[in-house]
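Everything below concerns the one structure shown next.
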Amino acid sequence: MNSPKPEFRNLFPRTIYYLLCISLLLFSCSSGGDDGPVDPGEVKSSEKQITSFSLRASNNTSLDADITGSIDETSKTVNVAVPFGIDLTSLTPTVTISDKATVNPQNQAAVDFSSPVVYTVTAEDETDVEYTITITNSNNTESDIISFAFNADNNSSISENITGVINTNDNTIAVTVPFSTAIDALVPTLVLSDRATSNPSVGATVDFSSAVDFTITAEDGSTSNYTVTVTKNESDYATLQILFNANSSNTLNWDFSNLDINTWEGVTAENDRVVTLSLSNKGLTVLPAEIGNLPMLSQLYLQDNDINEIPSEISNLQGTLTQLLLSNNDLGTLPTEIGSLVNLEFLDLFNTGLNSLPTEIGNLNSLVSLNLGRNFDLSSIPTQIGNLTNLTWLSLAGANYTIPTQLGNLTNLVTLNLNECDLSTFPNQVLSLTVLEGLFLSGNQITTVPTQINSLSNLKDLFLDSNSLTSLPEEISELTNLEDLNITANPTLTSIPQAVCDMANTGTNVQKDATTTCN
Numbered sequence: 001m002n003s004p005k006p007e008f009r010n011l012f013p014r015t016i017y018y019l020l021c022i023s024l025l026l027f028s029c030s031s032g033g034d035d036g037p038v039d040p041g042e043v044k045s046s047e048k049q050i051t052s053f054s055l056r057a058s059n060n061t062s063l064d065a066d067i068t069g070s071i072d073e074t075s076k077t078v079n080v081a082v083p084f085g086i087d088l089t090s091l092t093p094t095v096t097i098s099d100k101a102t103v104n105p106q107n108q109a110a111v112d113f114s115s116p117v118v119y120t121v122t123a124e125d126e127t128d129v130e131y132t133i134t135i136t137n138s139n140n141t142e143s144d145i146i147s148f149a150f151n152a153d154n155n156s157s158i159s160e161n162i163t164g165v166i167n168t169n170d171n172t173i174a175v176t177v178p179f180s181t182a183i184d185a186l187v188p189t190l191v192l193s194d195r196a197t198s199n200p201s202v203g204a205t206v207d208f209s210s211a212v213d214f215t216i217t218a219e220d221g222s223t224s225n226y227t228v229t230v231t232k233n234e235s236d237y238a239t240l241q242i243l244f245n246a247n248s249s250n251t252l253n254w255d256f257s258n259l260d261i262n263t264w265e266g267v268t269a270e271n272d273r274v275v276t277l278s279l280s281n282k283g284l285t286v287l288p289a290e291i292g293n294l295p296m297l298s299q300l301y302l303q304d305n306d307i308n309e310i311p312s313e314i315s316n317l318q319g320t321l322t323q324l325l326l327s328n329n330d331l332g333t334l335p336t337e338i339g340s341l342v343n344l345e346f347l348d349l350f351n352t353g354l355n356s357l358p359t360e361i362g363n364l365n366s367l368v369s370l371n372l373g374r375n376f377d378l379s380s381i382p383t384q385i386g387n388l389t390n391l392t393w394l395s396l397a398g399a400n401y402t403i404p405t406q407l408g409n410l411t412n413l414v415t416l417n418l419n420e421c422d423l424s425t426f427p428n429q430v431l432s433l434t435v436l437e438g439l440f441l442s443g444n445q446i447t448t449v450p451t452q453i454n455s456l457s458n459l460k461d462l463f464l465d466s467n468s469l470t471s472l473p474e475e476i477s478e479l480t481n482l483e484d485l486n487i488t489a490n491p492t493l494t495s496i497p498q499a500v501c502d503m504a505n506t507g508t509n510v511q512k513d514a515t516t517t518c519n
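When we follow this note's numbering, the leftmost residue of the sequence shown carries the number 1, and every step to the right adds one.
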């Protein structure tokens, strides 16, 4: 009889095998593929945008406020407008981009934006996109005239550049030109705001016979108006007309139709400003008060006329007048205002009929030369003459008054003329004038010369002719620089020291009468 157990044992392993196969098949079908499940944390971002682009004032010292750029995502461009004049060669932008992306150039890196710059944004998945950044200056809004001038190179009727005065409060420009300027045809030189234009245009010839409006247009189209007024400087021309008309018998040949006063006889002018009037012997009888209206007058030569008065307005020339020559007129007196001419260096009053001098003459501290000779009616000379310590040349020739002791204060005198001063004694005050080179005492009544004459060791000329000398000190021979010694026409001088005669052997020209002997 057969037993069933062995058959059961053979069937069980095979059944288990088939069940496992069916399970694996069912699991494979339910999974949908052969790769198995995916981890979401392994997916990388593809985002790569510039989300904002700005220039912050805190990072850019040339900016007063933050500026945000305009992003066009379609064209991948960013446009930024900064104020006019901002330097584009070094700006530091702040760039915001997509999360996990990077950008090159880097955020807040200084970049030269003088031309468009490409920024590359790279996503996390390493894909990238390029943005073109363009930064430009806004149009200039300024419409100013910065300077206004007439340059001599562009205008034949002026000799040097003339600059206008700009009033920014009311936009006016004032220009004063010499009288001879042809103001109906001038070429102005304008400096305008950057990129601005002008009407009339720069370089155009303009008629300034009346006020001219200049319209200045800024780059952005805004405008400003300036009114330019050109005025001729007529004061010196007018003053010369007054001087001419005040002297009906003058011999001046001035042509008033010729506006260039520098061509007139005796007139020297610079830019139509009179600096010298040389009107000697021109039949003048009047010096009008308007002479004080010549603000640049430096030399005034009026010798050999018939002028009888100097107007007080001469004091107006105190800043400029250095030479005043009035010899051979008939003045009688001088105004006290003469003392205001503190820059006067040469004053010639020879033979002017003076009967007095104002004490203010002592204020003329700049005088180096003073001629008071042949004023026979002058009864005295102010002691204030001793204040004129810069004098190097002084003539009191023909004086009929006592020579003031203060003369000895003039220690810079080089030449002193005391001819015909009716001196009976040698003026000892001159012995302190140790730099004196010329001492002229001709035509007096001096009888003796002090032995201290040798203190004047710089003397080159000593004139003692036409006096009443009875003797001559031997100390004169000690004046080793003496070139001329004149002792002629001294009838009572019969002999002189041999040492004085011997000076002729050392180069001194000793002039004496034939009857005067040496001993």
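Each residue gets a CB set at the ideal place from its N, CA and C atoms; glycine is no exception.
Paired residues, beta bridge with residue i - DSSP
i, result
"A489", "DSSP, once it has assigned bridges, lists no residue as partnering A489."
"V118", "T132"
"A269", "V274"
"D348", "L325 and N371"
"I67", "L55"
"P93", "L55"
"L462", "L439 and L485"
"Q511", "N486"
"I50", "I97"
"N104", "T120"
"F214", "Y226"
"I496", "C518"
Cut-off 6 Å between Cβ atoms - residues of its own chain near residue i, not counting five sequence neighbours on either side
i, result
"E474", "P497 and A499"
"L388", "L367"
"A399", "C421"
"F208", "I183, L186 and V230"
"N316", "G292"
"E478", "N454"
"E219", "N139, N140 and R195"
"N343", "T322 and S366"
"S521", "Within the shown structure, residues of the chain are numbered from 1 to 519, placing residue 521 beyond reach of any answer."
Own chain partners of residue i with C-beta closer than 7 Å, once the 5 adjacent residues on each side are dropped
i, result
"N60", "L91 and T92"
"I67", "S54, L55, V80 and V82"
"E124", "K44, S45, K100 and A101"
"L24", "Its pLDDT being 48, under 50, L24 is placed unreliably by the model, and nothing is read from it."
"G221", "none"
"A152", "I158, S159, E160 and N161"
"Q452", "L431"
"A65", "A57"
"T405", "Q429"
Beta-carbon spacing of residue i, residue j below 8 Å
i, j, result
"F463", "F440", "yes"
"P335", "L357", "no"
"N489", "D461", "The sequence shown places Ala at residue 489, rather than the Asn named in the question. Against a cut-off of 8 Å, the Cβ pair of D461 and A489 comes out as no contact."
"T470", "L493", "yes"
"L407", "G386", "yes"
"N371", "S327", "yes"
"D201", "N293", "Looking at the sequence provided, one finds Ser at residue 201 rather than Asp. Cβ atoms of S201 and N293: not closer than 8 Å."
"A196", "S147", "no"
"G203", "N137", "no"
"T288", "L243", "The amino acid occupying residue 288 in the given sequence is Pro; Thr does not appear at that position. Their beta carbons are under 8 Å apart, which means P288 touches L243 by this criterion."
"N199", "T189", "no"
"D306", "L325", "no"
"D194", "N139", "no"
"N444", "N467", "yes"
"V435", "V414", "yes"
"K76", "E130", "yes"
"N233", "D260", "no"
"E360", "G339", "yes"
"L472", "V449", "yes"
"L192", "I133", "no"
Below-8 Å beta-carbon distance, residue i vs any chain C residue
i, result
"N171", "Absent here is chain C; the protein component of the structure consists of one chain."
Cβ neighbours of residue i in the same chain (closer than 8 Å, five flanking residues each side left out)
i, result
"D128", "K48, T120, V121 and T122"
"L354", "L331, G332, T333, L334, L372, N375, D377 and L378"
"N505", "none"
"N258", "W264"
Any chance you could list the beta strand (DSSP E) runs of at least 3 consecutive residues sitting entirely within the segment 130-202, in chain order? 145-150, 165-167, 172-178, 188-192 and 197-199
With a floor of 3 residues, list each beta strand (DSSP E) that falls wholly inside the segment 365-451, ordered by position along the chain. 369-371, 393-395, 415-417 and 438-440
Could you tell me which uninterrupted alpha helix (DSSP H) segments, each at least 4 residues in length, are contained entirely in the segment 231-316, listed from first to last along the chain? 235-245
Quick check: the segment 158-165 against the segment 104-116, are there 3 or more CB pairs under 8 Å? no
Any contact of the segment 254-266 with the segment 283-292, i.e. 3+ C-beta pairs under 8 Å? no
Are the segment 218-230 and the segment 174-181 in contact at 8 Å, needing three or more beta carbon pairs? yes
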